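Reviewing the structure listed below.
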């Protein structure tokens, strides 16, 4: 696989040239960018998937939801619908996609919308929910037509953008220079005990421009696993037999947290829609064992697997240090922008 990617390097150069020209056309104004009067926070990455966007969006939701009326706007990847949709009590996962449905199911008093065209999506939000005070744009770093007021760029500790290459040789959607659009760069999925010295070394490699700040986060796993009707201590659940099922971009940390030498791990593609044959395979591999999956996969599996056997393990983004600084920056941006609007 690595040899194939190396052979595709000329295509990576071509892809880089095309994306750079596109970005330049937006910068010089030949392609229109639309700004908005309300605070808009774009969370995204330079690479393809697996940087921890969903837990980061949830962190910002928790930070803002008790003070402001917020709406999340996502593309709704792999949803079975088109155009703008604002979630309501009858909305299904198939209509809006797994990540938006997770936000919709998990948080009260926020609005959740999907639209592949972010400009239209924001206009539609303001029309249908005029009390909206801030919009969180999920996975919108490359959507330059909608000019967000604040950009948060995520990159992983194991695969930082400064060591990566353009698709198809690497995993970058655009060149590393795209990081200059970010207000904040967050290195995700770090070891919890990452030292200040290592943080400084990584920050130097990020090559931040004046005014940009870097933060470091890790994934914190819940101490409770959940079924549709109950919760159970993860330590108690670990004493029982189970298999692990994941259909996310980079499931290794999930597997590593839960597996032992005898645990069977089933891996499916990111955002995978589970077919009857997939469900049959999962149940066959499980036998009489419990099934533990990720929170994102649970929203796709919950109506396909017997509820008393299907557990999910939530995760959260946690800052290694300086979370108060990050929180203040976001709260100040939203508060100032809201007052100005």
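Residue numbers (this note's numbering): 103 to 443.
All C-beta atoms, glycine included, are put in the ideal place defined by N, C-alpha and C.
Nothing here was measured: the structure is a model prediction, and the numbers come from that model.
{"Query": "With a floor of 4 residues, list each alpha helix (DSSP H) that falls wholly inside the stretch 323 to 358, ordered by position along the chain.", "Result": "336 to 339"}
{"Query": "So which of 134, 170 and 381 has the shortest CA-CA distance to residue 434?", "Result": "170"}
{"Query": "Can residue 202 and residue 176 be called in contact, C-beta distance under 8 Å?", "Result": "yes"}
{"Query": "Have a look at 359, 420, 229 and 135 and flag the residue whose alpha-carbon is nearest the alpha-carbon of residue 164.", "Result": "420"}
{"Query": "Can you check whether the CB of residue 395 is closer than 8 Å to the CB of residue 347?", "Result": "yes"}
{"Query": "Which class does residue 367 belong to by DSSP, given the choice of helix, strand or coil?", "Result": "strand"}
{"Query": "Please confirm if the stretch 141 to 160 is in contact with the stretch 255 to 268, defined as three or more CB-CB distances below 8 Å between the two stretches.", "Result": "yes"}
{"Query": "Contact defined as beta carbons within less than 8 Å: I believe residue 135 pairs with residue 246. What is the distance between those atoms, to the nearest angstrom?", "Result": "6 Å"}
{"Query": "DSSP three-state label for residue 393, please.", "Result": "strand"}
{"Query": "I'd like to check one pair, residue 178 with residue 199: are the Cβ atoms closer than 8 Å?", "Result": "yes"}
{"Query": "How big is the Cα-Cα spacing for residue 317 and residue 133?", "Result": "32 Å"}
{"Query": "Please report the straight-line C-alpha distance between residue 389 and residue 213, rounded to a whole angstrom.", "Result": "40 Å"}
{"Query": "Rounded to a whole number of angstroms, what is the C-alpha to C-alpha distance between residue 374 and residue 138?", "Result": "34 Å"}
{"Query": "Say whether chain D places a C-beta atom closer than 8 Å to the C-beta of residue 296.", "Result": "No chain D appears in this structure, which consists of one protein chain only."}
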